[in-house]
Amino acid sequence: MEKQKVEQIIAKHKSEPSALIAILQDVQEEYRYLPEEAMAIVVDRLNIPLSRAYSLATFFTAFSLKPRGRHSIKVCMGTACHVRGSGMILEKIERDLNVKRGETTDDLKFSLDEVYCLGCCGLAPVVTIDEDLYGQVTLVKMPKILQKYS
Amino acid sequence: MSKLKIEDLQKINEKVRQTMLLREGNGRARITVHMGTCGIAAGARKIMDTLLKIIEEKNVKDVILTNSGCAGLCSREPMATVELVGEAPVKYVDLTEDKIHKIFVEHVQDGKIVTEYALAVGSERTH
Amino acid sequence: MRPFRANLMICGGTACVSNRSFDIKKALEKEIEKQGLDDEIQVVTTGCNGFCAAGPLMVVQPEGIFYGHLMEKDIPFLVEEHFLKGRPVKNLMYVPPETEVPIPKMNDIDFFKGQILIALRNRGLIDPEKIDEYIGREGYYGLLKVLTSMTPDEVIKEIKDSGLRGRGGAGFPTGVKWELTRAADGDLKYIVCNADEGDPGAFMDRSIIESDPHSVLEGMVIGAYAMGASQGYIYIRNEYPLALQRLLIAIDQARDYGLIGENILGSNFSFDINVTRGAGAFVCGEETALISSIEGKLGNPKPRPPYPTTSGLWGKPTNINNVETWANIPVIINRGANWYSEIGTETSKGTKVFSLVGKINNTGLVEVPMGITLNDIVNKIGGGIPDGKKFKAIQTGGPSGGCIPAEKLDLPVDYESLAKAGSMMGSGGMVVMDETTCMVDVARYFLTFTKDESCGKCTPCREGIAQLHRILTKITEGEGTMEDLELLENLANVIKDTSLCGLGKSAPNPVLTTMRYFKDEYLAHITDKKCPARVCRQLNTYVINAEICASKGHGCGVCRRECPEQAISGEKNISHIIDQEKCVKCGVCFDVCKFNAVTIE
Ligand SMILES: Cc1cc2nc3c(=O)[nH]c(=O)nc-3n(C[C@H](O)[C@H](O)[C@H](O)COP(=O)(O)O)c2cc1C
Ligand code: FES
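Protein chains in written order, with the numbering used here: chain X, 1 to 150; chain Z, 1001 to 1127; chain H, 2001 to 2601.
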């Protein structure tokens, strides 16, 4: 982790406690998680206790304290996707990759998460991997989709 | 871009109004050029092009220009139909650039049918 | 500028983009150029058209011809036939399921017919990234009107007279809220646009921002003028990258034009807007939690009063409205309260945007006048239920709402009627359910959501919802008892009465309404240990029909390979068998069998 990058991120925002969430979001985007050292620098610059950053980091789902995988799989658990069987898709991915929802595979290749409604309910059930969106996913199609990512 | 003043809003609105009318599909007048294979062979593209030029030159905002397929009267191509809001459509035949010019000025702009080029009035729905 | 004779409005909404509408756009542009039509025909990307089920789609203007399910390979033929030769292509048009006759024009399609567009007035007509096009549709005229000819009090009166009520859920009269904020003590006031859109099955606000961001901005500037606010915030959900991007572009453009910022349109009124990104917590849609989150703190709700209108953001008077509420404002100002209040019912004026999803043919985004019946939405606009299945229920109000059964399809959509039926208007999610949806499972689904999203501050919500969820899980697994039903109801009512914020107060609604209208389904799970919709997998027994498996499937073995527990045995050309001892009822075999040889008993 480079100290400088974190400093650059902080510099983009106001050095006020109110900017904490926005700064952490940018750090999360940069590292795909919140490294401890980075959080330490942030709270130091904003002059607030580390506990405050931790409480935010554990409250909001956008933050992760553990390193995330190279690819982020998100299975839509929105209502429309749920009634069209997205739960089974999620279970299938959990089984195939041997990973639980909210967690990352041991080889740091995939992180698996649930999301709620991606706004394309017409394509339900929907899965996204990084920037790619897959609609009308079936149990049979899923492994082939995962194969595309290395 | 400099900050807008009250009058500027109106100016921007006018600038894009033609496009908006086109998208809303409700201009004051609609000209349909018949562009079947026969129409194209007879020079319908040229008529379309001329009309687009006239509209540009005269900076007309409320006329919609579309094309449609063969009107079934291939011997009289190129053809166009002019329809003013609330009036029956008029079909013009054997068009040339000059004729369409005259039709535009007299019928589309001034509302007077150019009877010498007209084939029929109200004979057909254009859309 | 030389005019174009046709504009091809390609939908750039999320669903169409996922269906590769940008590739279609490229193909169109290429083909149009090839035919030498590029100075006559323009291709435009718009926000969500609404008819997501037909995507990727485009509308050809001025004729208003609608093409759906486009594929790249169709484009050369389409361009030649329609744009060169003027013959619209029938087999790319929309065909309603029952008639099989293609409908050329968008406005003749049932999906669009019953709709009245106010909040979505510019959808499909403008490029959301071009402020000039918004102005071309009389955008910012409302702002001009208030700045040049109306006092703040007159603006507030107009909004009050219009009868507009909040579109974010509770339906509080907008004009009254504005009046309270204006009357509150303090020089510094804030206004906030709630774009957190937490309902897990809905995307109205996202679509409004993606297709017409300026309508929200203009509404906010008008509101700021009326309430005397100098700073506005838009709190936008984290998972909406495209909406965020369009919003930021719109704000930059509006600022460049001086429509926000210092001395707006040369007047002495100044107002600016900031965007705050949410960080993924449903409770942050609740206004007090949202405020705390903008302040950079935990998104915990606070008891009210004091209401934000007296003490909100940084303790200052703050007015919060939903995206759709804001988007209605410019039209009300432009066309007047009288015009607006003609639409809708006595107590619910205007229109409401719904995202219509689930087991329905015409999935999409609709804007309908208040008072329309659920039946019209489901069967006329929505085109009914696919695959000849039977309608069972419609869910409104997301996790705070309830399920309305088939008997009540005549219910008019207004705040009071929906509340009386045990549901609520909510922010506009509408999920249609058919006979293959299990209502106990649906209740459990929403509680899984609210259980995870409860902030944990108050006990009834934190512990109570978890208990409701536990009991429902028990029932779906066939372990429920009759006492559980009673317990569910009691507990649900206690949570409703004692929770701190709206999340807990409304979370039991899905349970209470499903128990009220679908008691027999609960009973089937408890006494017969059966799930009538066959959704609760623990109650299913999966068997393979030997006859079909051998004769039609020739023992293809797909189920055997997919079974995670190796519970299926069999060989090629021989029927397969499930070992019930090993089966964990994951349902994979049922799902993967192409020959429908796997059945549920
Ligand atoms: C748990 C909870 C979640 C909410 N989520 C939203 C939301 O996503 N969007 C929204 O506009 N309002 C939401 N609300 C309602 C807001 O608290 C608030 O009433 C609304 O933004 C006011 O705007 P309106 O008067 O224009 O409807 C939520 C309320 C609760 C209790
Ligand atoms: S519910 Fe999955 S995309 Fe809307």
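Ideal placement from N, C-alpha and C gives every residue a C-beta, glycine not left out.
At a cut-off of 9 Å between beta carbons, Y2067 (chain H) makes no contact with chain Z. If one requires a minimum length of 4 residues, the alpha helix (DSSP H) runs lying completely within the stretch 2155 to 2198 of chain H are 2174 to 2183, in chain order. For the C-beta of Q2395 (chain H), the chain X residues within less than 8 Å are, from N- to C-terminus, T79. Interface flag for L1119 (chain Z) against chain H is unset, since no Cβ pair is found closer than 9 Å. Annotation for M2009 (chain H): the continuous beta strand (DSSP E) segment containing it runs A2006 to C2011.
Counting along the chain, H1034 (chain Z) sits inside the beta strand (DSSP E) bounded by residues A1029 to H1034. Looking at the DSSP output, Y2307 (chain H) shares a beta bridge with no other residue. Identification of chain Z residues near D2132 (chain H) by a Cβ-Cβ cut-off of 8 Å yields I1012, K1015 and V1016, ordered along the chain. Annotation: Cβ neighbours of F63 (chain X) in chain H (cutoff 9 Å, chain order): A2279 and G2280. For G2299 (chain H), the Cβ stays outside the 8 Å cut-off from all heavy atoms of ligand 1. Y31 (chain X) and P67 (chain X) have their C-alpha atoms spaced approximately 8 Å apart. Remark: the shortest separation between the CB of R2277 (chain H) and any heavy atom of ligand 1 does not fall under 8 Å. Along the stretch 2149 to 2172 of chain H, there is no position whose C-beta sits under 9 Å from a C-beta of chain X.
G2371 (chain H) has its alpha-carbon roughly 10 Å from the corresponding atom of D2410 (chain H). Within the stretch 2376 to 2425 of chain H, the complete alpha helix (DSSP H) segments at least 4 residues long are 2415 to 2420, listed from N- to C-terminus. Taking a beta-carbon distance threshold of 9 Å, H71 (chain X) does not count as an interface residue toward chain H.
Between D2196 (chain H) and R2237 (chain H) a beta carbon distance of about 5 Å is seen, short of the 8 Å cut, so the two are scored as contacting.
The nearest non-hydrogen atom of ligand 1 is 8 Å or more from the C-beta of L2418 (chain H). When DSSP reads this structure, S2569 (chain H) sits in a beta bridge with H:I2577.
In the structure shown, R1076 (chain Z) adopts helical secondary structure according to DSSP, grouped into three states. Between M88 (chain X) and chain H, the shortest Cβ-Cβ separation is below 9 Å. For H1034 (chain Z), the neighbours in chain H by C-beta distance under 8 Å run, in chain order, G2086. Membership of H71 (chain X) in any alpha helix (DSSP H) is not indicated; the residue belongs instead to the beta strand (DSSP E) covering H71 to C76.
Here F2077 (chain H) is exposed. Its C-beta has fewer than 16 other C-beta atoms within 10 Å. Annotation: the continuous alpha helix (DSSP H) that includes Y2517 (chain H) extends over N2509 to Y2517.
The beta carbon of S2207 (chain H) sits closer than 6 Å to the beta carbons of C2048 and L2365 from its chain, once the five residues preceding and following it are set aside; these are given in chain order. Within 10 angstroms of the beta-carbon of E2483 (chain H) lie fewer than 16 other beta-carbons, which makes it exposed.
Contact with chain H is found for Y116 (chain X), since one of that chain's Cβ atoms lies less than 9 Å from the residue's Cβ. Distance between D2205 (chain H) and M2430 (chain H), taken at the CA atoms: about 14 Å.
Assignment of beta-bridge partners to L112 (chain X) by DSSP yields X:I73. Look at P2056 (chain H) here: in three-state DSSP terms it is coil, with no helix or strand label. Along the stretch 25 to 57 of chain X, the positions whose C-beta sits under 7 Å from a C-beta of chain H are Q25, S55 and L56, read in chain order. The Cβ atoms of A1044 (chain Z) and V1108 (chain Z) do not sit closer than 9 Å to each other. When Cβ pairs closer than 8 Å are counted between the two stretches, the stretch 14 to 23 of chain X is seen to touch the stretch 2292 to 2303 of chain H, the count reaching three or more.
Relative to ligand 2, even the nearest heavy atom lies 8 Å or more away from the CB of A2053 (chain H). Taking A2027 (chain H) as the centre and dropping the five residues before and after it, the same chain places the C-beta of E2072 and I2075 closer than 7 Å to its C-beta, in chain order.
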